[in-house]
Amino acid sequence: MGAPKVEQEKERIRIIFNNEVIADTTNAYRVSQGGSAAYYIPTADMKMEYLGRVPGSTYCPWKGTASYWTLSVGEKKAENVAWSYEDPKESFLAIKGYLAFYTGRVDAFYVGEKKA
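According to the working numbering, the stretch in the sequence shown is residues -10 to 105, in order.
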């Protein structure tokens, strides 16, 4: 499996959780590797008041150290639903200040008009 590739995403990305639009952006990046992809969304296009950092991290040899986030809207919570690279390696500086979400841990994740 080769190194991940970062590209500007052309489609609009929207995330919905507990009937609340958490993110809505046309400024995302797509990081693909080995047939899968993650969409990194700028925090400026998210409702960060619903997200909180959690302790712990993981390390990616290409991107660096990942921090994790929990999403809480009303009584509904999704633990470790998102991750970010706050100090990514040089070839991934484009995603600094962006969060990626596990699509299966939110109610709806749209890439363009299609549900991911």
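Think of the CB as a built atom: it goes at the ideal place given N, C-alpha and C, for glycine as much as any other residue.
Ends of the beta strand (DSSP E) at residue i?
i   : result
D76 : Neither: D76 is in no beta strand (DSSP E) and is coded neither H nor E.
T59 : 53 to 62
R42 : 40 to 49
Under 8 Å by Cβ, that's how I've got residue i and residue j pegged, so tell me the actual separation to the nearest angstrom.
i     : j    : result
E68   : T54  : Incorrect: roughly 19 Å between the Cβ atoms, too far for contact.
K(-6) : S21  : 5 Å
A97   : K103 : Rounded, the Cβ-Cβ distance is 11 Å, inconsistent with contact.
With C-beta atoms as the reference, is residue i less than 8 Å away from residue j?
i   : j    : result
Y39 : V62  : yes
I2  : V100 : yes
Go ahead and label residue i buried or exposed: buried means 16 or more other beta carbons lie within 10 angstroms of its beta carbon, across all protein chains shown.
i   : result
A33 : exposed
P77 : buried
Comparing C-alpha positions only, which one of the options sits nearest to residue i?
i   : options            : result
E9  : K78, R19, G86, M35 : M35
V70 : Q(-3), S25, G93    : G93
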